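**Q** Attaching a single structure in structure tokens format; questions to follow.
Residue numbers (full-length UniProt numbering): 1 to 136.
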């Protein structure tokens with residue numbers, strides 16, 4: 001029997017724990033149980049990873065979102081593959097040291113979903129940085 005995955009809120013509240021390698025990646029059944037908690041993400045292969053495509057009305061918002069995701073990744077010490085262009089941003093997570101998925105990947109997916117759910121405000125408005133930015 002596959003253990004139950006944490007809820008979306010529980011995942012988003014966690015911080016990434018450094019993965020030193022030497023552990024097996026999450027199996028597909030476990031990954032599928034976690035995937036339910038991160039709406040919009042899909043499970044891919046070679047390597048096993050999770051991906052989500054985000055849509056935006058223009059280039060500036062896609063770029064701003066990509067920057068927010070990058071800032072979040074740096075703060076958590078768990079980095080995504082980010083591709084963006086006019087009106088879209090694709091984000092993928094997997095744990096390179098184990099060549100597959102780890103709970104950290106789903107923690108980050110939940111946090112990125114939180115960013116996507118927040119309203120877009122242009123940087124020129126001068127809003128305070130999000131709480132995950134260190135020194136904020």
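Every residue, glycine too, gets a C-beta built ideally from N, C-alpha and C.
From a predicted model like this one, the values you see are computed outputs, not experimental measurements.
Alpha carbon to alpha carbon, how far is residue 102 from residue 39?
**A** Working through the chain shown from its first residue, we reach residue 102 at position 102. Working through the chain shown from its first residue, we reach residue 39 at position 39. Cα to Cα, the separation comes out at about 17 Å.
**Q** To the nearest angstrom, report how far apart residue 95 and residue 73 are at their CA atoms.
**A** As a working note, residue 95 is residue 95 in the chain shown. As a working note, residue 73 is residue 73 in the chain shown. Cα to Cα, the separation comes out at about 13 Å.
**Q** At which residues does the alpha helix (DSSP H) containing residue 56 begin and terminate?
**A** Counting from one through the chain shown, the residue named residue 56 turns up at place 56. No alpha helix (DSSP H) holds residue 56; DSSP gives it neither H nor E.
**Q** May I have the straight-line CA-CA distance separating residue 11 from residue 63, to the nearest angstrom?
**A** Residue mapping note: residue 11 aligns to position 11 of the chain shown, counting from 1. Residue mapping note: residue 63 aligns to position 63 of the chain shown, counting from 1. Cα to Cα, the separation comes out at about 25 Å.
**Q** Could you pull the DSSP bridge partners for residue 33 from this structure?
**A** Here residue 33 refers to the residue found at position 33 of the chain shown. In DSSP, residue 33 forms no bridge with anything.
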